[in-house]
Amino acid sequence: MLEPFRVTIDIRTDDLDLNGHVRGPAYLAYADHARWECVWAAGVDPLALKAGNLGPVNLETTIRFRRELRARARIDVLTRFAWEPGKVSRVVQEFVAPDGAVVAEVESVSGLMDLESRRLVPDPGRHWRKYASRPDVLGLS
13 MLEPFRVTID IRTDDLDLNG HVRGPAYLAY ADHARWECVW AAGVDPLALK AGNLGPVNLE
73 TTIRFRRELR ARARIDVLTR FAWEPGKVSR VVQEFVAPDG AVVAEVESVS GLMDLESRRL
133 VPDPGRHWRK YASRPDVLGL S
């Protein structure tokens, strides 16, 4: 199995709540950033997707908080795509502290929407594979 895609993020002070913890929406922003970096690393040009009348959509997101994350911390966000039969895929992301502890997990259910019909396309992995120069980064062979 391919190693997960890794992005390092420095926690910013403006991502904190009054308790000094990272706010929930910041975790989602970190996860989005890491997913898009993974897509870029796979060689997918989002403008080419759009030109092909395709757009990624997020259908569901779950955050699991495991350990406190505070200002000026540095974390790695590990991203793995899991391809399923049908119209959706899963993206599993672990937020890992320098000591190796998983501080949070974000799991997303995603699809690719046909921008004309406004419906999810079947077998989204097939489409991602078509646009990726390195589909292995997305867990596709």
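Numbering (the numbering used here), first residue to last: 13 to 153. Ideal Cβ placement from N, Cα and C applies to all residues, glycine included. As the structure is a computational prediction, the values presented were derived from the model and not from experiment.
Legend entry - Where P161 falls: helix, strand or coil (DSSP): Any answer about residue 161 is impossible in this case: the structure gives the chain only from 13 up to 153.
Legend entry - Cβ-based neighbour list, A113, same chain, cut-off 7 Å, excluding 5 preceding and 5 following: Residue mapping note: residue 113 aligns to position 101 of the sequence shown, counting from 1. Correct list, in chain order: R79.
Inset, instruction - Say whether the region 82-89 touches the region 14-30, bearing in mind that this needs 3 or more beta-carbon pairs closer than 8 Å, one atom from each stretch. - result: yes
Legend entry - Neighbour-count burial assignment, S153, 16 or more Cβ in a 10 Å radius: On the sequence shown, residue 153 is found 141 positions in, with the first residue counted as 1. Counting Cβ neighbours within 10 Å, S153 comes out exposed, since fewer than 16 surround it.
Legend entry - Reduced DSSP category for D88 - H, G, I as helix; E, B as strand; rest coil: As a first step, residue 88 is located in the sequence shown; it is residue number 76 there, counting from the start. Strand, per DSSP.
Inset, instruction - Check the DSSP bridge columns for E117 and list the partner residues they point to. - result: Residue numbering aside, residue 117 sits at position 105 when the sequence shown is read from its first letter. Paired residue(s): R76 and E106.
Inset, instruction - Report the rounded CA-to-CA distance for V50 versus L150, giving the unit in angstroms. - result: The residue you call residue 50 lines up with position 38 of the sequence shown. The residue you call residue 150 lines up with position 138 of the sequence shown. The displayed chain sequence assigns Cys, not Val, to residue 50. C50 and L150: Cα-Cα distance of roughly 7 Å.
Legend entry - Contact belief for V100 with S122 at Cβ below 8 Å, rounded distance in angstroms: For the purposes of this step, residue 100 is identified with residue 88 of the sequence shown, where counting begins at 1. For the purposes of this step, residue 122 is identified with residue 110 of the sequence shown, where counting begins at 1. Rounded, the Cβ-Cβ distance is 7 Å, consistent with contact.
Inset, instruction - Spell out the partners DSSP gives G137 in its beta bridges. - result: Locating residue 137 in the sequence shown gives position 125, where the first residue counts as 1. Its beta-bridge partners do not exist; DSSP assigns none.
Legend entry - Per-residue DSSP class, three states only, for A94: Numbered from 1 along the sequence shown, position 82 holds the residue referred to as residue 94. Correct three-state label for A94: strand.
Inset, instruction - Please classify R82: does DSSP put it in a helix, a strand, or coil? - result: Reading the sequence shown from its first residue, position 70 is the one you call residue 82. Here R82 sits in strand by DSSP.
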